[in-house]
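Heads up, the sequence shown is in the numbering used here, so the first residue is 210 and it goes up one at a time.
In this text, a Cβ means the ideal position worked out from N, Cα and C, and glycines have one as well.
Shown next, in structure tokens, is the structure this report addresses.
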Amino acid sequence: MNRQASAEMSQKLFRAKLLTPEGTGRPAPGSGFWRLYDDGALVIDTNGRIVSVGDYADLAREHSEAEKIDLSDKFIVPGFIDAHVHLPQYPAIGLYGRELLDWLNAYIFPAEKEFTPKVADSLSPIFFDRLLAYGVTTAAIYTSVRADSTWKVFEWAERKGIRAIIGKVMMDRNVPDYLREDTRTSIAESDQLCKAWHGQDDDRLLYAFTPRFAPSCSQELLDKVGALARERGAYVQTHLSENSGEIKWVKQLFPESRNYTDVYARAGLLGPKTLLAHAIHIDQDEQRALLAAEACLVHCPTSNLFLKSGLMHLAELLQMRHRVGLGSDVAGGPTLSPFSLMQAAIYVHNARCLPLANSGFDVTPGLVLYLATLGGARALGLGRTTGSLEPGKDADFVVLDLSSFDQSLANRGEGEVDKLLSRLVFLSDDRNVEQTYVRGRLCYERQQRNSAKR
Ligand code: GUN
Ligand code: ZN
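Next up, the structure:
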């Protein structure tokens, strides 16, 4: 057998309907940005990389030796990206009624106190399985202040196969004694974790220095994180301008800063690898500074509604060309579902779009699906690795059963892809997720208890 034949024999060819973003920009309404292969094929190699994407008839001929997996009545879409979520808060999910600072004190700090290594060991597999069951293949995750528990989270992420950016929370003031860290210890433990885990498994696991938010961090802590993250080439993740009470507090704590964003700018924390959750109440000066820094803004629409924080200016920020991802912010948000996130992003835009009615900018299903996939990947700096079905990228994808609402394949005409995107976003949930693959590895398979049809 020649070498090419043996290489092809170890390839896998998935026959399915493929839906993937194509193009370098961002989808505009009716732009044809999403490409549908009605009878498509996705070919991957043994390293979990995508080799070819195209029509089945062509690729079946070109890769005649590949192992065939027939999913012809299913859809394959790129894996979803949750750009902001708190693992230790999962047991405190769904507790409605309080605003941010009150909610942190009442529910969240106590939950994070409970996050011992033993709890991390039992909670992490459940949490990762849930994310994968929702089709999430990449997540940016906060743990708690505990380094030992964070180590467990990394080990579970490694085992479960999910792609993750993970960081130990850092806080050295204005939090209950039982969570408050000594500044130097916080830095030293975070750096140890970064050295051990950043770049593991060929960059599937990455580290984010995670100063929780300005009020819980001293100037010294913020300054040191800025310098260290740059030195290590690691991420920084934190919260920005989420709640009006929080913003007032930041003004009092950092009187020399022009605004909330300036607190992070002065500490050298802003850059392309900085993930800032919420950014709801930022003014134009802040928007410009964040744009210049190429920082990633994470829109958390379900959380922003759940905690009554406000309505982020998604349309304006996208028009300015900010890099934006979507985040569930569990337990600030009441669900890990990327479908709920995409729907909420549209509803929030609609709730505040009247002044923009003639701007020509709409937040469409194609756009929010982009933010949950390729847009999110680009915002996290992972656009060359994941986010779409493209040769050379890792095979991070979800198999969806959309038979409950998919149109007959015959006569797909003008506008059919938009209808499909609309139904995918508004009618799907985890019951439609059949399988989730990260880097070609099957990480989740749905048990056929309930039918996806309803
Ligand atoms: N601000 C500081 N900590 C948190 C948190 O855990 N969740 C949210 N939503 N905002 C925060
Ligand atoms: Zn958060």
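Just list the residues that DSSP pairs residue i with in beta bridges.
i	result
E276	K221
V445	F418 and T483
T229	R244
F606	P287 and Y646
Y351	H295 and G376
H490	DSSP output for H490 lists no bridge partner at all.
G249	A225 and D264
C505	L484 and R532
E654	Q644
R258	D603
Q401	Answer is none; Q401 lacks a bridge partner.
V345	F289
Q409	L414
Less than 7 Å separating the Cβ of residue i from some heavy atom of the ligand FMN?
i	result
H508	With respect to the ligand FMN, the structure shown offers nothing to examine, as its ligands consist of the ligand GUN and the ligand ZN.
What distance in whole Å lies between the Cβ atoms of residue j and residue i, which are believed to be in contact at a cut-off of 8 Å?
i	j	result
G344	T595	Their Cβ separation, rounded to whole angstroms, is 13 Å, which puts G344 and T595 out of contact at 8 Å.
A342	D610	The Cβ separation is near 13 Å, so there is no contact.
S281	R224	5 Å
C195	L485	It is not possible to answer for residue 195, since the shown part of the chain is limited to 210 through 663.
A356	Q409	A356 to Q409, Cβ: 16 Å. No contact.
Y246	L227	4 Å
I489	L520	7 Å
G575	D627	7 Å
T582	S597	7 Å
H293	V507	4 Å
L296	L516	About 18 Å separates the two Cβ atoms, so there is no contact after all.
Y444	Y416	7 Å
A348	A373	5 Å
Q644	L651	6 Å
Taking the beta carbon of residue i as the centre, do at least 16 other beta carbons fall within 10 Å, making it buried, or is it exposed?
i	result
S546	buried
Q656	exposed
S537	buried
L618	Low local confidence applies: a pLDDT of 44 at L618 is under 50, so the model's placement there is unreliable, with the coordinate-based value given in what follows. Result: exposed.
M551	buried
G249	buried
T511	buried
P236	buried
E276	exposed
Q446	buried
T255	exposed
A661	Unreliable placement is indicated for A661, whose pLDDT of 49 sits below 50; no coordinate value is reported for it.
E455	buried
S219	exposed
T346	buried
S331	exposed
A588	buried
A329	buried
R421	buried
Y305	exposed
Take residue i as the anchor and find which of the options has the nearest alpha-carbon.
i	options	result
F284	T229, D330, E398 and P319	T229
T325	V533, L485, W360 and V626	W360
Q298	A436, I317 and F463	I317
R475	D492, I489 and L430	L430
D391	Q644, M380 and P385	M380
S399	A301, V434 and L414	V434
A540	A250, E231 and E321	E321
H407	L251, E440, L516 and D432	E440
P600	H272, V252 and D627	V252
A501	Y305, T483, D571 and H508	T483
L388	N314, A373, Q409 and A438	N314
L499	A301, R561, L526 and E271	L526
P334	C403, G241, L268 and W365	W365
G442	P481, S425 and K327	P481
D492	L296, S450, K369 and V608	S450
A560	V608, E465 and N513	N513
S358	K369, Q496, K327 and D338	K327
D386	L437, V354 and Y556	V354
T470	Q496, P464 and I555	Q496
P300	S261, Q461 and G542	G542
L630	F242, T233, G234 and G232	F242
Looking at residue j and residue i, is the spacing between their C-beta atoms short of 8 Å?
i	j	result
A459	A423	In the sequence as presented, Ala is not what sits at residue 459; that position holds Val. Result yes, Cβ atoms of V459 and A423 sit closer than 8 Å.
A604	G239	no
D494	R467	yes
L414	I375	yes
S453	H487	no
L632	F614	With the sequence shown as reference, residue 632 is identified as Arg, and Leu is not the correct amino acid for it. Cβ distance < 8 Å, so R632 and F614 count as in contact.
I371	L340	yes
V642	L578	no
R382	S427	yes
L478	G534	no
F463	L437	no
Y653	D338	yes
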